[in-house]
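Report on one structure; see the data block that follows.
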Amino acid sequence: MKGFNTEMNAEAIATEHAARLSAADSLLPLSEPLDTFAEGPVFEVTKGDSGATGRATHTEVTPDISYSLWRALKEHRLSVRLAGSQSDELLGDLLVRWDEYLTSVAAPGDWDTAAVVVRPSRDTIGSAELLRHGFAPVRVLAVRPADRLAASGPPAEPGVRIRPAEAADHDTAVRLHTELLRYDAEFGGVSVRASATEILAAEVAGQIGRGNPTLWIAELYGRPLGLLQIQLPPESDWVSSYTRADRVGYLTTLSVAEQARSSGVGSALATHAHQLFDEAGAEAVLLHHALANPRSTPFWCSQGYRPLWTYWQRRPAVR
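Position 306 of the sequence shown, counting from 1, maps to 305 under numbering that gives the first Met the number 0, and the rest follow consecutively.
Here it is as structure tokens:
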């Protein structure tokens, strides 16, 4: 790409960035538009044959809603487009300008304020710059294409039975949700709120008894020790913009009680989920997991998932 014309700069960056995504990963969306409806400054830097654009956005949630468990209450994001041979250096320039902006809008040292940059996992250019600015790869949005063969996992225990959750399973489901939340909190991507049990109890109550079950219990020799929660299209359409697949399912939660780990319960639940997604015609399944979790990452890899988007986070946003 030649030097950018000032009036065409943003368009040229967007065009090459789209080509960059397609080359990096065939499952990425055809374009990654900046959020033109969100309020926040736009930063643009160019150098020689390269250019970069970033839009800063800010969202806040209250600690009494479900979404607050999976993020900081105040989240600043930088959506970036990169083009040219010096993309890594220009991403560093964008981060410098964003940091200058953050110091004027975010309270230093506030743990419930996070700075987040979501990058295509296979477009690794600029990773060193993110590390230099104090970001860490905290979680991923992983994908499993419908035609991808999973590696064989541990054999299922003969005593495993999977069934839709019933009213009597409410407390067990809340407990398994809470165990997973507390474990994942060790890796920085989620937050254990004082209202967590109340939030999860309400969410479980809303899932039990649906005509098309989305919450499932795994029993091991009659004991309920595993939990699966999924979203089928169109309920999962909120995540479809992250991939090129037209029909997408989302695996919300898979949790196995500590005493049942390595028993095959988790693999049995994953197999059951994939069967449900296949029956619903999903072309791909997406899920979030903590990248540093020593159980989640190898488990989901063994089930045929791979990183699609990586969430780089710095928390607090301003130190």
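Positions of the beta carbon are idealized from the N, C-alpha and C atoms, including for glycine.
Judged by beta-carbon spacing, H132 lies within the 7 Å limit of L94, meaning their Cβ atoms are closer than that value. Closest by C-alpha distance to T177, out of A193, S126, L286, is A193.
Restricting attention to beta strand (DSSP E) runs no shorter than 3 residues, the stretch 65-144 encloses them at 73-82, 112-119, 135-144, ordered along the chain.
Between L77 and W97, the CB-CB gap stays under 7 Å.
Judged by their CB atoms, V142 and L89 are not nearer to each other than the 7 Å cut-off. V255 carries a strand assignment under DSSP once its states are collapsed to helix, strand and coil. In the displayed model, I207 falls within coil according to three-state DSSP, outside both helix and strand. The DSSP-derived three-state label of Q274 is helix. Looking at L307, R222, D170, the one whose alpha-carbon comes closest to that of S262 is R222.
Comparing C-alpha distances from L175 to each of G187, R160, A195, E99 shows the shortest one belongs to A195. When the alpha-carbon of A281 is set against those of S86, V173, Y249, the nearest one is in Y249. Rounded to the nearest whole angstrom, the C-alpha separation of S25 and R243 is 8 Å. A residue is called buried once 16 or more other Cβ atoms fall within 10 Å of its Cβ, and G47, having fewer, is exposed. Taking a contact to require three or more Cβ pairs closer than 8 Å, the stretch 200-219 and the stretch 162-173 qualify as touching. The count of Cβ pairs closer than 8 Å, one atom from the stretch 253-267 and one from the stretch 207-226, reaches three, so the stretches are in contact.
Ranked by Cα distance from T213, the options G205, L219, Y220 are led by G205. The Cβ atoms of Q312 and V41 lie no closer than 7 Å to each other. I207 sits away from A167, with the two beta carbons spaced by 7 Å or more. With respect to the 7 Å criterion, L285 and V317 are not classified as neighbours on the basis of their beta carbons.
In this structure S190 touches L68 by the C-beta definition: roughly 6 Å separates them, less than 8 Å. When C-alpha distances from A55 are compared across E74, D63, I64, P62, the shortest belongs to E74. Remark: C-beta atoms of R121 and A17 do not approach each other more closely than 7 Å. For R181, the secondary structure class from DSSP, reduced to helix, strand or coil, is helix.
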